[in-house]
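Numbering (my numbering), first residue to last: 7 to 457.
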Amino acid sequence: MIATLLLTLNLALGQIIPSVNITTITSQLSSNDVCQFNVSQKSTGGFHTISEVLNQTCTKDGGYEIILLDSEHNEFLHLNQNITILIQGKNENPTNWRSTIKCEQLILLQQGRLTLVNIEFHYSIVNDTELFIIPSNNLIQSQKNSQYPSLTIRQCTFQSVSWDKSDFLVQMHTVFLNRIEIDECNFNGIDAIKVSNNSMIRAEYNQEIFLHKSKFQRASVISDEQIIYLAANVEDALISVQNCEFKDINLVGGPQIAALQIVLTKKYNLNIVGNTFSNCLNQYSQIGALIIIDSSNAANNKRFIISNNQFINNTGLMTGGILFYTNDSFTQYSFNSNNFSSNTNNITAGVGKDAYLAFSDHPKNWTKSFLTNGVKKLFKGSISDAVKESVHFISGSGDQLILEGSITLPNSIEQGGIGKGVVIGIVVGLIVLILALVAVIIVCIVMYKKV
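Encoded structure:
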């Protein structure tokens with residue numbers, strides 16, 4: 007098993023898609039003035055489609071602000087202009103966006119700065135002599151263009167569909183974006199039992215990727231494709247996943263399928279902070295919740311923080327929580343202050359059920375004691391309900407195993423030791439409390455003497 011894992015690691019690190027450079031493009035609006043338009047497909051006059059609106063000239067710095075008045079909107083939208091566009095559903099419930107014509111995407115973004123707010127995106131199955139699906143690939147897709155676009159999505163929902171008659175469907179596929187930001191959105195499967203072939207996000211060759219306060223949930227997927235795939239394969243890439251939920255995801259696929267996969271091939275800044283991974287189950291893969299592959303070879307030029315996350319009731323063959331591959335020194339990484347609970351694997355006594363680390367480029371001066379202490383520092387402040395050895399590590403060269411070992415995480419913060427900052431906080435709090443009590447006593451004495 008270990009030799010196979012090391013071989014898989016080398017293949018994974020060696021076969022990651024090639025890297026390119028993107029020149030960061032920034033745009034500063036000089037004012038908030040916008041050209042405002044309403045779109046309704048129920049009214050007899052006015053604008054019926056967004057495309058009609060974009061044919062109108064707008065000279066204001068803020069670009070177009072387009073309000074969807076109806077509860078349903080049907081359109082295939084191709085954006086290939088270097089302009090700023092906000093599209094927003096007006097009603098309290100999100101506007102349902104579909105297409106009634108055959109298309110590969112609902113929205114194809116090639117140029118511009120697009121913001122979507124309060125919209126729910128759907129696939130549609132049509133029976134017209136034969137079954138077909140609209141769109142046939144993605145709900146939203148970006149394509150390479152010399153004017154690297156940006157995409158912001160807030161308070162939107164992406165729905166899956168039960169469909170197995172075509173290639174794998176990806177709700178959102180973004181490439182060559184200067185920035186993609188997803189905030190307070192829901193990405194839904196059909197449910198945790200009914201199987202589909204829908205993945206949620208594939209983001210690669212983007213300069214900045216932000217997933218914040220979003221939910222990825224209720225999905226049962228059969229595929230060798232990742233359900234959520236984020237790649238830092240451009241120079242100085244940034245990936246930030248914060249305060250998101252990955253829950254009730256049942257995967258049946260290849261050996262490295264997980265609820266979230268992150269691939270790092272160039273100098274990067276990675277922050278996975280404050281997220282919850284719960285009930286991510288994988289019957290045939292090594293990992294349940296999170297897999298990270300780092301082949302960047304940029305030891306002194308990267309930031310890697312996996313902190314303050316919760317991993318609850320996740321299952322994989324080797325580990326339920328985190329599977330981490332790297333060809334770099336462990337000193338560049340941080341897995342501090344994570345909480346592991348009720349994770350399981352298929353290894354005797356549950357060794358490595360919270361996390362499994364594989365180092366593929368073993369330095370000659372590494373000893374088991376040295377690496378054990380290093381891994382302990384990586385997981386400083388992390389806790390687990392596992393009895394023992396829930397974090398396992400291996401180190402080798404090629405497919406040759408050189409050493410392996412495990413560490414046991416404390417089952418409470420107290421067992422792990424109270425940090426200096428916590429002690430200072432307690433002392434300061436006590437001082438403030440004492441001063442407040444003294445002030446109350448003085449006031450009471452003064453009032454008593456007046457009486």
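Heads up, the beta-carbon is just placed ideally off N, CA and C, and yes, glycines get one too.
Express the C-alpha separation of Q62 and K221 in angstroms, rounding to a whole number. 36 Å
Endpoints, alpha helix (DSSP H) assigned at K379: This sequence places Asn at residue 379; Lys is not what is there. Note, N379: alpha helix (DSSP H), 374–384.
Using the beta-carbon count (16 or more within 10 Å), is S105 buried or exposed? buried
Which residues share a DSSP beta bridge with F365? T332, S401
So, helix, strand or coil for L60, using DSSP? helix
Is it true that the CB of T50 sits closer than 7 Å to the CB of L74? no
C-alpha gap between K253 and L443, whole angstroms: 46 Å
Sorted by chain position, which residues of the same chain lie with C-beta nearer than 7 Å to S348's C-beta, five sequence neighbours on each side aside? I318, N319, D391
Let me know the secondary structure DSSP gives L443 once reduced to three states. helix
Taking 8 Å as the threshold, find out whether the region 336–355 comes into contact with the region 375–391 through three or more Cβ pairs. yes
Output the boundary residues of the beta strand (DSSP E) element that contains T101. 101–104
Just reading off the beta strand (DSSP E) that L145 is part of, what are its end residues? 144–148
Can you tell me whether G411 is helix, strand or coil according to DSSP? strand
State the DSSP-derived secondary structure class of T180, mapped to helix, strand or coil. strand
Assumed close pair F174, S246 - CB separation to whole angstroms, cut-off 8 Å: Rounded, the Cβ-Cβ distance is 26 Å, inconsistent with contact.
What I want to know is whether the C-beta of Q42 ends up closer than 6 Å to one or more non-hydrogen atoms of the ligand HEM. As presented, the structure is devoid of all ligands, the ligand HEM included, so that no description of it is given.
Identified DSSP bridge partners for I215: I186, I245
Grab the span of the beta strand (DSSP E) containing S130 for me, first residue to last. 130–134
Helix, strand or coil for T354 per DSSP? helix
Cα-Cα separation between S226 and N314, rounded to whole angstroms: 27 Å
Within the same chain, show all residues whose beta-carbon is closer than 8 Å to that of K308, passing over the 5 residues directly before and after it, in chain order. L270, K273, Y274, N275, L276, S302, Q338
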